[in-house]
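J.: Below: one structure in structure tokens.
There are 2 protein chains.
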Amino acid sequence: MAQNIMLYWGSGSPPCWKVMIALEEKLLQGYKHKLLSFEKNEHKCEEVKALNPRAQVPTLKHGNIVVNESFAACLYLENTFKSQGTRLIPDDPAEQALVYQRMFESNNLQKKMYDVAFYEWYVPEGERLESALKRNKENLITELKLWEGYLEKTGKGSYLAGKNFTMADVVCFPIVAYFPRFHCPKERCPRLMEYYEMVKDRPSIKASWPPHWLEKPEGQDTLKNL
Amino acid sequence: MAQNIMLYWGSGSPPCWKVMIALEEKLLQGYKHKLLSFEKNEHKCEEVKALNPRAQVPTLKHGNIVVNESFAACLYLENTFKSQGTRLIPDDPAEQALVYQRMFESNNLQKKMYDVAFYEWYVPEGERLESALKRNKENLITELKLWEGYLEKTGKGSYLAGKNFTMADVVCFPIVAYFPRFHCPKERCPRLMEYYEMVKDRPSIKASWPPHWLEKPEGQDTLKNL
Chain A
30 MAQNIMLYWG SGSPPCWKVM IALEEKLLQG YKHKLLSFEK NEHKCEEVKA
80 LNPRAQVPTL KHGNIVVNES FAACLYLENT FKSQGTRLIP DDPAEQALVY
130 QRMFESNNLQ KKMYDVAFYE WYVPEGERLE SALKRNKENL ITELKLWEGY
180 LEKTGKGSYL AGKNFTMADV VCFPIVAYFP RFHCPKERCP RLMEYYEMVK
230 DRPSIKASWP PHWLEKPEGQ DTLKNL
Chain B
30 MAQNIMLYWG SGSPPCWKVM IALEEKLLQG YKHKLLSFEK NEHKCEEVKA
80 LNPRAQVPTL KHGNIVVNES FAACLYLENT FKSQGTRLIP DDPAEQALVY
130 QRMFESNNLQ KKMYDVAFYE WYVPEGERLE SALKRNKENL ITELKLWEGY
180 LEKTGKGSYL AGKNFTMADV VCFPIVAYFP RFHCPKERCP RLMEYYEMVK
230 DRPSIKASWP PHWLEKPEGQ DTLKNL
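Protein sequence lines correspond, in order, to chains A and B.
Mapped onto the working numbering, the consecutive letters of the first sequence carry residue numbers 30 to 255.
Mapped onto the working numbering, the consecutive letters of the second sequence carry residue numbers 30 to 255.
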């Protein structure tokens with residue numbers, strides 16, 4: 030089954046990592062893949078462009094079906110391989126609602142993390158402003174407090190949407206992993222860091238760990254002064 | 030059934046409008062709701078905060094279940110009322126993949142539209158830069174070309190993910206509707222405007238049309254010089 034799946038991906042990209050965790054959880058190991066270098070702009074190659082007019086990764090092909098947006102790919106995999114591997118979207122309405130809620134809330138966490146951690150990457154040199162970066166940091170601190178509150182409520186040892194590992198964890202973990210890597214002070218998100226420690230050795234996550242993070246375990250320090 | 034649904038919403042907010050179209054399509058007319066004024070900051074009231082720590086709308090409550098993120102709410106409604114009203118996520122894998130793909134791609138269209146249409150709203154006065162707004166406009170023009178290409182491929186009279194109205198239309202229409210309202214030149218997105226004309230009178234969309242747009246059909250002109 031996995032042999033007719035092809036993934037184009039980049040190391041460390043949260044959207045790519047999300048899809049890779051989903052592939053592992055759905056027991057689709059053995060899928061074909063191609064690692065592309067962002068530095069060399071390889072994701073803008075013709076092979077990707079032919080499948081994805083945005084020339085972005087992840088680009089996922091399953092047989093003749095192409096899905097590129099990471100949330101789309103994750104939901105597609107869950108629905109297509111529903112009874113295989115981990116059930117990532119529960120049937121129970123209350124549980125399902127919470128999984129969806131945290132899944133899509135993670136866009137806030139990702140955006141606010143990017144706005145600080147990759148500020149210099151996204152904002153051209155002449156346009157960078159102390160006031161904007163300061164506001165971005167405040168927004169990220171506020172965002173982290175929300176997630177701390179959620180984890181406080183669900184209790185120690187819990188996943189993001191309750192007692193089971195779900196799609197909420199699939200899509201959030203790659204974002205959460207940037208906080209320790211980019212030297213965010215632990216006291217900014219102690220519960221999220223407990224969650225990180227609990228989940229980081231899960232087989233699906235270890236198997237998909239960004240290869241350049243393994244080579245160079247220390248990341249930049251753009252979250253250090255949060 | 031609809032009587033145990035409560036929606037807090039604001040007029041003209043694309044995320045709120047998405048959920049309202051989904052409620053209509055799933056034949057949940059008669060749901061309870063409360064229109065809150067953004068100008069008066071009513072969405073930050075205690076009643077919303079008690080359900081949604083972000084103090085944002087949409088905030089949706091179904092029985093004891095709360096879902097606030099618009100994509101979460103739309104998917105929850107589709108799953109919970111699957112056999113009722115319009116089927117918004119098809120079973121066929123290829124069709125489903127395309128619906129998910131367009132659904133989540135719409136985040137790009139929304140963000141790039143906001144970055145131009147609401148530039149002055151989001152960027153504090155002292156931080157506004159001609160160069161940034163110019164880049165935002167270029168990004169929006171590039172984004173529109175993608176969607177024009179999609180519609181060219183699916184053909185005249187088609188919905189965003191093919192021959193049926195789906196969740197892709199539910200979440201995209203409220204974004205598309207900003208282009209004519211904010212005076213975007215038609216030649217920037219002729220096919221999208223044909224799509225707009227085709228869909229705007231659909232009952233679910235008419236029934237959920239932003240009330241302040243009805244009162245004042247002309248919007249601001251921040252997309253005029255695109």
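Think of the CB as a built atom: it goes at the ideal place given N, C-alpha and C, for glycine as much as any other residue.
Please read all numbers here as calculations on a predicted model, not as lab measurements.
Return the chain-ordered ranges of every alpha helix (DSSP H) run that is complete within the segment 92-126 of chain A and spans a minimum of 4 residues.
T.: Here the runs fully enclosed are 99-109.
J.: So what does Leu64 (chain B) bridge to, in DSSP terms?
T.: DSSP output for Leu64 (chain B) lists B:Trp38 as bridge partner(s).
J.: Would Ile234 (chain A) and Ser135 (chain A) qualify as a contact pair, given that the criterion is a beta-carbon distance under 8 Å?
T.: No.
J.: Thinking C-beta only, is Ser160 (chain A) closer than 8 Å to Cys156 (chain B)?
T.: Correcting the residue type first, residue 156 (chain B) is Glu in the shown sequence and not Cys. Yes, these two residues count as a Cβ contact at 8 Å.
J.: Leaving out the 5 sequence neighbours to the left and right, which residues in its chain are closer than 6 Å to Met49 (chain A) when beta-carbon positions are compared?
T.: Only Ser237 meet the Cβ criterion.
J.: Any idea if Asn165 (chain B) is buried or exposed, counting beta-carbon neighbours within 10 angstroms, 16 or more meaning buried?
T.: That one is buried.
J.: Quick check: the segment 62-78 of chain B against the segment 213-231 of chain B, are at least 3 beta-carbon pairs closer than 8 Å?
T.: The segment 213-231 of chain B vs the segment 62-78 of chain B: no contact.
J.: Using 8 Å as the threshold, is the segment 37-53 of chain B in touch with the segment 95-115 of chain B, meaning 3 or more CB pairs across them?
T.: Verdict: yes, contact present.
J.: Check whether the Cβ of Ser160 (chain A) lies closer than 8 Å to any Cβ atom in chain B.
T.: Yes, its Cβ sits closer than 8 Å to a Cβ of chain B.
J.: Spatial neighbours of Lys63 (chain B) within its chain, please: CB distance less than 7 Å, with the 5 preceding and 5 following residues excluded, ordered by chain position.
T.: Excluding sequence neighbours, Lys63 (chain B) sits near Tyr37.
J.: Could you give the residue range of the alpha helix (DSSP H) that holds Trp150 (chain B)?
T.: Counting along the chain, the alpha helix (DSSP H) containing Trp150 (chain B) begins and ends at Tyr148 to Tyr151.
J.: Pop quiz: Val199 (chain A) and Glu68 (chain A) are said to be a contact at Cβ under 8 Å. What is the actual Cβ separation, rounded to whole angstroms?
T.: At roughly 27 Å, the Cβ-Cβ gap does not stay under 8 Å, so Val199 (chain A) and Glu68 (chain A) are not in contact.
J.: Taking the straight line between their C-alpha atoms, what separation do you get for Leu56 (chain B) and Tyr105 (chain B)?
T.: Near 14 Å, if we compare the C-alpha coordinates of Tyr105 (chain B) and Leu56 (chain B).
J.: Regarding Lys47 (chain A) and the ligand GTP, is the C-beta to nearest heavy atom distance less than 7 Å?
T.: Absence of the ligand GTP is noted for the structure shown, with no ligands found whatsoever.
J.: Taking three-plus beta-carbon pairs below 8 Å as touching, is the segment 146-156 of chain B in contact with the segment 108-128 of chain B?
T.: No: fewer than three Cβ pairs fall under 8 Å.
J.: What is the DSSP secondary structure of Gly191 (chain B), reduced to helix, strand or coil?
T.: Strand, per DSSP.
J.: With distances taken Cα to Cα, identify the nearest neighbour of Glu244 (chain B) among B:Asn33, B:Ser40 and B:Ser187.
T.: For Glu244 (chain B), the nearest C-alpha among the options comes from B:Ser40.
J.: With 16 as the cutoff for other CB atoms within 10 Å, does Gln130 (chain A) come out buried or exposed?
T.: Answer is buried; the Cβ neighbour count reaches 16.
J.: Considering only the alpha carbon of each residue, which of A:Pro246, A:Pro232 and A:His241 lies closest to Leu65 (chain A)?
T.: Here the closest residue by C-alpha is A:His241.
J.: So which residues on chain B does Tyr105 (chain A) lean against when the C-beta distance must stay under 7 Å?
T.: Correct list: Gln125, Ala126 and Tyr129.
J.: Any Cβ of chain B within less than 8 Å of the Cβ of Met49 (chain A)?
T.: So no, Met49 (chain A) is outside the interface.
J.: Tell me which same chain residues have a C-beta within less than 6 Å of the C-beta of Leu162 (chain B), skipping the five on either side of it?
T.: Result list for Leu162 (chain B): Tyr148, in chain order.
J.: Is the beta carbon of Leu169 (chain B) sitting closer than 8 Å to the one on Asp144 (chain B)?
T.: Yes, these two residues count as a Cβ contact at 8 Å.
J.: Using the rule of at least 16 other Cβ atoms within 10 Å of the residue's Cβ for burial, across every protein chain shown, is Glu181 (chain B) buried or exposed?
T.: So Glu181 (chain B) ends up on the exposed side.
J.: Can you check whether the CB of Ala84 (chain A) is closer than 8 Å to the CB of Pro59 (chain A)?
T.: With the sequence shown as reference, residue 59 (chain A) is identified as Gly, and Pro is not the correct amino acid for it. No, these two residues do not count as a Cβ contact at 8 Å.
J.: Classify Thr251 (chain B) as helix, strand or coil using the three-state DSSP reduction.
T.: Here Thr251 (chain B) sits in coil by DSSP.
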